[in-house]
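> Residue numbers (the working numbering), protein chains in the order written: chain A, 1 to 357; chain B, 1 to 357; chain C, 1 to 357; chain D, 1 to 357. Where is the CB? At the ideal position from N, CA and C, for every residue including glycine. Only a predicted model underlies this, so the values are computations on that prediction, with no experimental measurement involved.
Number of protein chains: 4
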Amino acid sequence: MSGNGFGTLFRVTSFGESHGPAIGCVVDGCPPRLPLAEADIQVWLDRRRPGQSRFTTQRREPDRVQILSGVFEGLSTGAPIGLLIVNEDARSKDYSAIKDTFRPGHADFTYQTKYGIRDYRGGGRSSARETAMRVAAGAIARRVLGEGMRIRGALVQVGPHRIERACWDWAEVERNPFWSPDAGAAERWAEFLDDVRKDGSSAGGIVEVVADGVPAGLGAPVFDRLDADLAKALMSIPAVKGVEIGAGFAAAAMSGPEHNDALRMQDGRVTFLSNNAGGVLGGITTGQPLIARLAVKPTSSVLTPQPTVTAQGADAEIATKGRHDPCVAIRAVPVAEAMVALVLADHLLRHRAQCGG
Amino acid sequence: MSGNGFGTLFRVTSFGESHGPAIGCVVDGCPPRLPLAEADIQVWLDRRRPGQSRFTTQRREPDRVQILSGVFEGLSTGAPIGLLIVNEDARSKDYSAIKDTFRPGHADFTYQTKYGIRDYRGGGRSSARETAMRVAAGAIARRVLGEGMRIRGALVQVGPHRIERACWDWAEVERNPFWSPDAGAAERWAEFLDDVRKDGSSAGGIVEVVADGVPAGLGAPVFDRLDADLAKALMSIPAVKGVEIGAGFAAAAMSGPEHNDALRMQDGRVTFLSNNAGGVLGGITTGQPLIARLAVKPTSSVLTPQPTVTAQGADAEIATKGRHDPCVAIRAVPVAEAMVALVLADHLLRHRAQCGG
Amino acid sequence: MSGNGFGTLFRVTSFGESHGPAIGCVVDGCPPRLPLAEADIQVWLDRRRPGQSRFTTQRREPDRVQILSGVFEGLSTGAPIGLLIVNEDARSKDYSAIKDTFRPGHADFTYQTKYGIRDYRGGGRSSARETAMRVAAGAIARRVLGEGMRIRGALVQVGPHRIERACWDWAEVERNPFWSPDAGAAERWAEFLDDVRKDGSSAGGIVEVVADGVPAGLGAPVFDRLDADLAKALMSIPAVKGVEIGAGFAAAAMSGPEHNDALRMQDGRVTFLSNNAGGVLGGITTGQPLIARLAVKPTSSVLTPQPTVTAQGADAEIATKGRHDPCVAIRAVPVAEAMVALVLADHLLRHRAQCGG
Amino acid sequence: MSGNGFGTLFRVTSFGESHGPAIGCVVDGCPPRLPLAEADIQVWLDRRRPGQSRFTTQRREPDRVQILSGVFEGLSTGAPIGLLIVNEDARSKDYSAIKDTFRPGHADFTYQTKYGIRDYRGGGRSSARETAMRVAAGAIARRVLGEGMRIRGALVQVGPHRIERACWDWAEVERNPFWSPDAGAAERWAEFLDDVRKDGSSAGGIVEVVADGVPAGLGAPVFDRLDADLAKALMSIPAVKGVEIGAGFAAAAMSGPEHNDALRMQDGRVTFLSNNAGGVLGGITTGQPLIARLAVKPTSSVLTPQPTVTAQGADAEIATKGRHDPCVAIRAVPVAEAMVALVLADHLLRHRAQCGG
């Protein structure tokens, strides 16, 4: 258990490097008799796939997922589900230059220091390639959650440019290459990122994930709070440097009466008059939409030469070449959605275990 | 495992309610032959203890910790360490009013919905009282980390008022009731919080924790990254709504060349020219100081009456009375330090297991 | 997590040494709203308590359990249940002689070797005293299982003397000091053990535990089979050297047609015509009674002097004095029952999580 | 985590059904820089492979293992190791007859009851086919343990026929198709099993595993004792009904002085004059050889027609046809070795984590 598994009851264990023969995972704990086919997973993988616009890497990964076990005649059996994606576009030759030189912002130095060895080809295990398996496992988690829960992500900031919250339109998210809920912002980002690319630079961004239809009562005090598990899930995505729930960091500047979400009965049901909590109180869902945001740092690989050192202990300069996303926050959107789905599926089963029904 | 345990190898499992007979925890996995006495734990508990200034609750909790096991003749034995604190100042009568009325911002509604029952006295299990055991366990974690690692927290924002980074002085942290590293900010906060208290309101804040002397190589890809485990640890503290590492949310607006920490050889050692990463790359420590910040929401209990509902489904108003912290972020400082210590101790043992020495 | 916790969802974490101030445990994951009082636990502890006949140690342990948390107004709340038993009859002076000499058959040498330190008073953490917390936690597990499941243990062999299976009478178990289901065997054992005691020797035994009313479907392939988890649970009891399920070791000499339990419909339900499986097929319960047996070695502490070595590396002789059970298998009966209850409660919750209702 | 993972730090998670496209596993937690190639794993798989004599099933499974990740330039990298074996000889047509009829002694009824669905082809997930991944993971565990530890298994009983302990010769184990350490017993078993096959029947057996070179100090009180983890590991192997350590069930009939292993200094080292403990005291290794035995029930699939029921609730008869092992205990030998290796590797890392070096 050196960290490649996630979840207590609904648990995914992944493996694979950027330029090895394949990546894959095992999803253990899936309830039986859920309809599941490769197409149900592929549809989500296709959203994450690179090369769909000029704003993501041009690496070609068809990312064709195979279900190797745990599904029989179109239904999950309760046995572990093995998933595999063969690596097809692995150009090892691109990476020989970085064999002995640590790329700033990457995990080259830390992997080498920790393990005394590293698969340097395309970042090896530290490559964001592993996130494909998060998305695949997340697709199964969505099946567990059922139609009633909807998990949607959007990009709300690219570089210093934020969306206008008043312009939020979920339908717009599917219409631009940024998952932007604000059509105007998408246009501004396109322009901004074209400049970024021309400069051989890169940009960061902020992703927001909203889960609707989450029942009240999911989560578990005191360490495995739903928001704590979300924080871990989202911070574990490559390049993420911050996570907030509901009002998040802005809550620090608010007063209690301003921040507290008042309760009122409406149509015989408990409702909240605001959602600064982001759908969680005391680590347990309130029944309101779950709202999480994550900050993604700018892509570490840039064309600009940067000071670094070699494995042999000499100063050096490095300018990473090749196919890279100018803003990895874009492709982080489907990954973040998947991680939220994994957390919710796990806590749904955990709740059912302890509290029934 | 319904969420009251934390850590993989160095693991704390806690129990206890605000107004029950006692709170306690078991620390399992502690290495043997470490010097350990009750006083080594008490010193940290005393920092968290309320009633030390007019800016924290006046509840009197001597919080006298007892070591029940795992220590023999002043040394840890490798057996689990049982810790106990008897609850002494539990005025149950204060809380009968909230038996059937959900306090906004608290976990009353979510506990009741999840479990169909709740110990309403002082918040029961959801009370921040449980954080005393985090601090106690954190004191043992510090022993595991040894003298070479130093974990210090500071309050860097109260309400909308931030410290001046240029005025940062670690020595100042011990000299004011806010753990402020900026003497001027402490004065401004005192004035601000006096007003907040007079208004029957409350304020939030931001805590920063810095760990020095952390060796490179701690952490584990891909889900149990050190920063992911930190995010969970810190988000699990009551009232925390956001966590960030290094540059954090600000990273979203930076360019790659600006954000990447350049490397250079200095005196035969690899060093970084900046620390936007906050001491972690690819989920593994770089050897630089580990830097985390957490946003704490304003205290939910306020004197101002607020709209809410009763367990019986009627609209109501509630104004929580009694002894409360105007700004819980102050007392979150030693708790946040403790959680960072727990994460580091766990990963130190995990690293030793997989990679040796 | 150095081994002092048991269970995945219904999890007990214990602490405490034979001669420390107290022993205790935390039971996490208990479903809410179960009726629970100290008396419900005490009744099972009283069965394990020593000093009830001349065949168990005369050490006086009132073993009065306190519930410190997780129960409110007579019902479990879903929060962790803290249990504590204060050690009252801890005569430390009895044990100074064994400080530097390893008792054969005990864990003195292995603890010293592993940890480089040990609490030698009464065996410290390796004392069977810790089994009191297994019994206490098992009492809560029985509440989770409900009235429909009944877990009963019996002693079926003492030294070389077995019961007559034809004489099995569950009512008899409560009428003799051995938990023997065969009155005749109880008489023979009394005589045999009187001789054993006079000789300053000790005897082993075999315990059988039967769980009735266990529904079909509990358990989980392939590693966490119900019988695998039972094997671990029972082998973890001090002095146990073997575990078998159903026909057990005798199955090795049987033929397939002889061993296989045939199925038949009876009154519209699937039934089995025999139970060589002991209630488990493929790691999952069949709905038949669950049957497990465990072999308990003879008490290691004997009056006869035995060759050993000292911590300083010198040959020595040791004859352990003081109050000891001539046959620890007797007191292993309630402990074995408790461990079966813990395994079943955990798997009941696990089944509910994955498969519902 | 529905049971398809094993181990705390050195952890294997497996997937795959008898007649699905492939079986596989992920080994997480492997130390870095260990030499590892497919051939190192294949050599152990070849020992388990069926069809090597007339005493094992004639199903042809080349069982060619592929390493998909975690190894770079011949060395482990510390990243998870993905292993895959493509199923080549999956004759689905053989199994349509058992689609709706439960085979006695098999897991057909319990899987159907638990999950409401089952992959009936060749037993699906409950097939012993999954044990190939145990052997593969065990091969990696051996690398972790190093040359100094040697884990060897032998068959010591087939049906009612035991070996002569005086004739034990480890070299003989490699010379007969039964892994028998006694050449005479191997001849008797050949004759016996020929009769069993002619009768369309099957036989059980007992396997013994011995681990030499295990250092003192591995294991962890009180629940995760080394012997408890071994018991779980071995009982989780399909068809195993009993596990014993050292003197095992025979210990029940021994006296304390007879069973206790006396200690003596020899050449400046602590030694034991006997090994009734089987190498474990108090759940921690003594430094003596680790000795475990497991009872394997007779193969459930027999040609003799047996009474059973259908999924539709009608009485029926079934005689399983096709290729089956007359005595599955034979092929359990390499599987049992692998499980012992997995337990030892896990506890080696756990010990290093808590106690260092």
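1) Using the beta-carbon count (16 or more within 10 Å), is D/TRP179 buried or exposed?
2) Measure from the alpha carbon of B/GLY20 to the alpha carbon of each residue in B/SER201, B/ASP108, B/ASN87, then state which is nearest.
3) Around the Cβ of C/VAL309, are there at least 16 other Cβ atoms within 10 angstroms (buried) or fewer (exposed)?
4) By DSSP, does D/CYS30 sit in helix, in strand, or in coil?
5) Spell out whether any CB of chain D is found under 8 Å from the CB atom of C/THR308.
6) Hey, would you say B/ALA139 sits closer than 8 Å to B/ASP40, going by beta carbons?
7) Are the stretch 3-15 of chain C and the stretch 110-119 of chain C in contact at 8 Å, needing three or more beta carbon pairs?
8) Assuming B/SER202 and B/PRO307 make a contact with CB atoms under 8 Å, what is their CB distance in whole Å?
9) Can you pull the chain B neighbours of D/CYS355, defined as C-beta to C-beta under 8 Å?
10) What is the rounded straight-line gap between the Cα of C/ALA37 and the Cα of D/VAL43?
11) Terminal residues of the continuous alpha helix (DSSP H) containing A/PHE192?
12) Is the CB-CB distance between D/GLY70 and D/SER76 below 8 Å?
13) Using CA atoms only, rank isn't needed, just tell me which of C/MET133, C/ARG150, C/GLY184, C/GLU174 is closest to C/GLN157.
14) Just verifying my parser: in three-state terms, what is the DSSP assignment at B/PRO35?
15) Establish whether the CB of D/ARG197 and some CB of chain B are separated by less than 8 Å.
16) Bridge partners for A/GLU244 per DSSP, in chain order?
17) How about B/GLY204 and B/ALA329: do their beta carbons lie closer than 8 Å?
18) If I follow the unbroken alpha helix (DSSP H) through D/ALA272, where does it start and stop?
19) Going by the CB atoms, is the gap between B/ALA319 and B/PRO298 shorter than 8 Å?
20) Should D/GLY24 and A/LEU342 be called a contact, given that it needs their Cβ atoms to be closer than 8 Å?
21) Which residue from A/GLY146, A/LYS99, A/GLY148 puts its Cα closest to that of A/GLY124?
22) Would you mind sorting D/GLN112 into buried or exposed? The rule is 16 or more other CB atoms within 10 Å of its CB.
23) Quick one: any contact between the stretch 225-239 of chain A and the stretch 227-239 of chain B, if contact means 3 or more CB pairs under 8 Å?
24) Which residues of chain B have a Cβ atom closer than 7 Å to the Cβ of D/ARG366, listed in chain order?
25) Please report the distance separating the alpha-carbon of C/ARG269 from that of C/ALA345.
26) Residue range of the alpha helix (DSSP H) that D/THR131 falls in?
27) What is the C-beta distance between A/VAL222 and A/GLY283, in whole angstroms, given that I count them as a contact (C-beta under 8 Å)?
28) Using a Cβ cut-off of 9 Å, pull out every chain C residue sitting near B/VAL26, in sequence order please.
29) Whole angstroms are fine: how far does the CA of C/THR285 sit from the CA of C/ASP212?
30) Taking only beta carbons into account, state which residues of the stretch 214-242 of chain C come closer than 8 Å to chain A, listed in chain order.
31) Hey, how far is the Cα of A/ILE163 from the Cα of A/ASP182?
32) CA-CA distance, D/LEU349 and C/ARG165?
33) Is it right to say D/CYS167 is buried, meaning 16 or more other beta carbons lie within 10 angstroms of its own, or is it exposed?
34) Counting only C-beta atoms, is C/LEU263 closer than 8 Å to chain D at any point?
35) Quick one: Cα of A/THR131 to Cα of C/GLN312, how far?
36) According to DSSP, A/MET265 sits in a beta bridge with which residue or residues?
In short, the structure shows the following:
1) buried
2) B/ASN87
3) buried
4) coil
5) yes
6) yes
7) no
8) 17 Å between Cβ atoms; not a contact.
9) PRO31, PRO32, GLY78
10) 58 Å
11) 183-198
12) yes
13) C/GLY184
14) strand
15) no
16) A/ARG293, B/GLY242
17) yes
18) According to the sequence provided, residue 272 of chain D is Phe. The question's Ala does not apply to it. That residue, D/PHE272, is in no alpha helix (DSSP H); its beta strand (DSSP E) goes 269-272.
19) no
20) no
21) A/LYS99
22) buried
23) yes
24) Residue 366 of chain D is absent from the structure shown; chain D starts at 1 and stops at 357.
25) 25 Å
26) 131-145
27) 7 Å
28) ASN4, GLY5, THR13, SER14, PHE15, GLY24, CYS25, VAL26
29) 11 Å
30) PRO221
31) 6 Å
32) 45 Å
33) exposed
34) yes
35) 56 Å
36) A/VAL270
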